[in-house]
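Asker: Just dropping this structure here.
Numbering (the working numbering), first residue to last: 158 to 361.
Okay, structure coming up:
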């Protein structure tokens, strides 16, 4: 997101999120030194979640997205218990070992009554920058098959592309640098499906 400064604090002692590309952002990475390791046990994870949610002056938001590490540990469980979540979006690569974690995530969130918004397949294939031919490095269609088996919506797939990596490293998302590209369209379609699903859940 090309953000390097630390957040300021307002008169209510709440952190002010840093905004870029029209998106308000907050991260523990803003609060620690660049190369400092973050090694936390359960209570520290709970404290960090409190800081990122209730100790930030988010103002008016359309949607709050919380990017979580993979797995079903303290962070995920604490978040589902402490925050009123509209839903969980599961992201996985197509390989079997990653999909095992995805299935666990689905079952955990379902157990704590958090609706599953759907399943996204990341790194679905590698598209050659020269010829455009896809290579299915991690297998083909694993997330789509898992979604069908578990009765979930398959939200979309994102390939491995040099421009995604390059834009991420440079702090310029591909949806900003190349908004008309096929990958940007895939991101847009995924966002649209998630938004529609959230509206359906809100009405229900």
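Heads up, the beta-carbon is just placed ideally off N, CA and C, and yes, glycines get one too.
Count the other CB atoms within 10 Å of the CB of residue 285; is the residue buried (16 or more) or exposed (fewer)?
Answerer: Within the chain shown, numbered from 1, the residue matching residue 285 stands at position 128. Its Cβ having fewer than 16 others within 10 Å, residue 285 is exposed.
Asker: Give me whichever residues DSSP pairs with residue 292 in a beta bridge.
Answerer: By one-based count along the chain shown, residue 292 stands at place 135. Answer is 283, bridged to residue 292.
Asker: Work out the CA separation of residue 242 and residue 249 for me, nearest whole Å.
Answerer: Locating residue 249 in the chain shown gives position 92, counting from the first residue. Locating residue 242 in the chain shown gives position 85, counting from the first residue. For residue 249 and residue 242, the distance between alpha carbons rounds to 20 Å.
Asker: Cutting at 8 Å between CB atoms, please list the residues of its own chain near residue 162, excluding the five before and the five after it.
Answerer: By one-based count along the chain shown, residue 162 stands at place 5. Excluding positions up to five away in sequence, the list reads 175, 187.
Asker: Can you tell me whether residue 360 is helix, strand or coil according to DSSP?
Answerer: In the chain shown, the residue the question calls residue 360 occupies position 203. Three-state DSSP puts residue 360 in a helix.
Asker: Let me know the secondary structure DSSP gives residue 124 once reduced to three states.
Answerer: It is not possible to answer for residue 124, since the shown part of the chain is limited to 158 through 361.
Asker: Could you have a look at residue 335 and say whether DSSP puts it in helix, strand or coil?
Answerer: Mapped onto the chain shown, residue 335 falls at position 178. Residue state, collapsed to three classes: coil.
Asker: In or out: residue 259 buried (at least 16 other Cβ within 10 Å) or exposed?
Answerer: What you label residue 259 is simply residue 102 of the chain shown in a count that begins at 1. Classification for residue 259: buried.
Asker: Which residues bound the beta strand (DSSP E) around residue 191?
Answerer: The residue you call residue 191 lines up with position 34 of the chain shown. Note, residue 191: premise wrong, no beta strand (DSSP E); not H, not E.
Asker: Taking contact to mean 3 or more Cβ pairs, one atom from each stretch, closer than 8 Å, check whether the stretch 206-217 and the stretch 340-354 are in contact.
Answerer: The answer is no - the stretch 340-354 does not touch the stretch 206-217, with fewer than three Cβ pairs under 8 Å.
Asker: On the DSSP bridge list, what partners appear for residue 275?
Answerer: The residue labelled residue 275 in the question sits at position 118 within the chain shown. Answer is 246.
Asker: Report yes if the CB atom of residue 354 is closer than 7 Å to the CB atom of residue 274, and no otherwise.
Answerer: Numbered from 1 along the chain shown, position 197 holds the residue referred to as residue 354. Numbered from 1 along the chain shown, position 117 holds the residue referred to as residue 274. Cβ atoms of residue 354 and residue 274: closer than 7 Å.
Asker: Could you check the C-alpha separation between residue 313 and residue 235 for me, to the nearest Å?
Answerer: Here residue 313 corresponds to residue number 156 of the chain shown, with the count starting at 1. Here residue 235 corresponds to residue number 78 of the chain shown, with the count starting at 1. Straight-line Cα distance between these residues: approximately 28 Å.
Asker: Between residue 269 and residue 232, is the Cβ-Cβ spacing less than 7 Å?
Answerer: The residue you call residue 269 lines up with position 112 of the chain shown. The residue you call residue 232 lines up with position 75 of the chain shown. No, the Cβ-Cβ distance between residue 269 and residue 232 is not below 7 Å.
Asker: Output the distance between the C-alpha atoms of residue 122 and residue 191, rounded to the nearest integer angstrom.
Answerer: With the chain represented from 158 up to 361, any question about residue 122 goes unanswered, as that position is not in the structure.
Asker: Closest to residue 173 by CA distance: which of 214, 204, 179, 294 is it?
Answerer: Residue mapping note: residue 173 aligns to position 16 of the chain shown, counting from 1. When only C-alpha atoms are compared, the closest one is 214.
Asker: Nearest chain C C-beta to residue 308 closer than 7 Å, yes or no?
Answerer: No chain C is part of this structure, which consists of one protein chain only.
Asker: Taking the alpha carbon of residue 158 as the reference point, which residue from 331, 293, 352 has its own alpha carbon closest?
Answerer: Your numbering for residue 158 matches position 1 in the chain shown. The shortest Cα separation from residue 158 among 331, 293, 352 belongs to 331.
Asker: If you draw a straight line from the C-alpha of residue 283 to the C-alpha of residue 168, how long is it?
Answerer: Walking along the chain shown from the start, residue 283 turns up at place 126. Walking along the chain shown from the start, residue 168 turns up at place 11. Residue 283 and residue 168: Cα-Cα distance of roughly 49 Å.
Asker: Kindly list the residues whose CB is nearer than 7 Å to the CB of residue 266, restricted to its own chain and excluding five residues on each side of it in sequence; keep chain order.
Answerer: In the chain shown, residue 266 corresponds to position 109, counting from 1. Within the same chain, residue 266 has close Cβ partners 237, 245, 273.
Asker: Mapping DSSP to helix, strand and coil, what is residue 317?
Answerer: Position 160 of the chain shown, counting from 1, holds the residue named residue 317. Residue 317: strand per DSSP, three-state reduction.
Asker: Using the Cα positions of residue 340 and residue 206, report the straight-line distance between them to the nearest angstrom.
Answerer: Working through the chain shown from its first residue, we reach residue 340 at position 183. Working through the chain shown from its first residue, we reach residue 206 at position 49. C-alpha separation (whole angstroms): 31 Å.
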